Amino acid sequence: MFYWENPEDKNYDLIMMNTEKSISGKNWNVFLRTLSVQPELRGKLELGDYAYQGDKLRILEANCEMECLNDRYVIHRDEESINYPILQENGIDQEDRVIKGKEIILSLLKEV
Numbered sequence: 001m002f003y004w005e006n007p008e009d010k011n012y013d014l015i016m017m018n019t020e021k022s023i024s025g026k027n028w029n030v031f032l033r034t035l036s037v038q039p040e041l042r043g044k045l046e047l048g049d050y051a052y053q054g055d056k057l058r059i060l061e062a063n064c065e066m067e068c069l070n071d072r073y074v075i076h077r078d079e080e081s082i083n084y085p086i087l088q089e090n091g092i093d094q095e096d097r098v099i100k101g102k103e104i105i106l107s108l109l110k111e112v
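First residue of the sequence shown? That's 1 in our numbering, and the numbers climb one at a time after it.
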């Protein structure tokens, strides 16, 4: 099951639920979850079980967290936040956000 807080927008800010009954069970941002299971990133990432409560994707070696919003990724490190916009036209992605997320993670890992 999937959960949109604002279904009228049908945007990319959605949560994949582990149960169809309640948002209080395990749930993930669907794009962060997809990134977390990519074979080439295995062992480099950690994702909590409760996206609805703000869990972000942790990039372990780079000591930062990634958040996926409707129109951008945000990297949080120490007190700094860096935005990585996702190219959109009329609210529709014009680039693959999973590939873009993977590129961001790989570039952060190269910096360490």
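Just so it is clear, CB atoms sit at the ideal spot from N, CA and C, and this is done for glycine as well. Note that this is a predicted model, so its numbers are computed, not measured.
- In the displayed model, Glu-61 falls within coil according to three-state DSSP, outside both helix and strand.
- The count of Cβ pairs closer than 8 angstroms, one atom from the stretch 43 to 50 and one from the stretch 90 to 103, stays below three, leaving the stretches out of contact.
- In the three-state reduction of the DSSP assignment, Leu-109 falls in the helix class, which pools H, G and I.
- Here the alpha carbons of Arg-58 and Asn-27 stand approximately 16 angstroms from one another.
- Restricting attention to Ile-99, Asn-11, Glu-61, the CA atom closest to the CA of Val-112 is found in Glu-61.
- Less than 8 angstroms divides the Cβ of Phe-2 from the Cβ of Ile-15.
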